[in-house]
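**Q** Provided herewith is a single structure, encoded as structure tokens, for subsequent inquiry.
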Amino acid sequence: MRVEIDEDECSGTGLCTRVCGEVFELNDELVSHVRVDAIPAELEHKVQEAADLCPLQAILITEGEG
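Going from the sequence shown to my numbering is simple: count from 1 and add 313.
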């Protein structure tokens, strides 16, 4: 799984960081970014949940290796 944040779409609600803080964090501008290079398999379901909850669909998931 590969995950990216569309920074132009991110509204900084922080939902992703609350669901999966191991992968997402907000920067100083309150824009989320991915804090890891590779998504561990055991966190993939949490990343998907964060993407599903994102109000502006700013989390982009691509299946396959990062």
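We put the CB at the ideal spot given by N, CA and C, even for glycine.
1. Can you tell which of D321, A371, G377, V360 has the C-alpha that lies nearest to the C-alpha of R331?
2. Compute the Euclidean distance between the alpha carbons of C333 and L356, then round it to the nearest angstrom.
3. Which word fits A363, buried or exposed, when buried means at least 16 other C-beta atoms lie within 10 angstroms of its C-beta?
4. With DSSP run on the structure shown, which of helix, strand or coil describes R315?
5. With DSSP run on the structure shown, which of helix, strand or coil describes T330?
6. Do you know whose CA, among E342, H346, T326, lies nearest L373's CA?
**A** Taking the structure as given:
1. Closest in alpha carbon position to R331, among D321, A371, G377, V360, is V360.
2. Those two C-alpha atoms are separated by around 8 Å.
3. Buried, since its Cβ has 16 or more Cβ neighbours within 10 Å.
4. Correct three-state label for R315: strand.
5. Helix at T330.
6. With respect to the C-alpha of L373, the residue from E342, H346, T326 having the closest C-alpha is H346.
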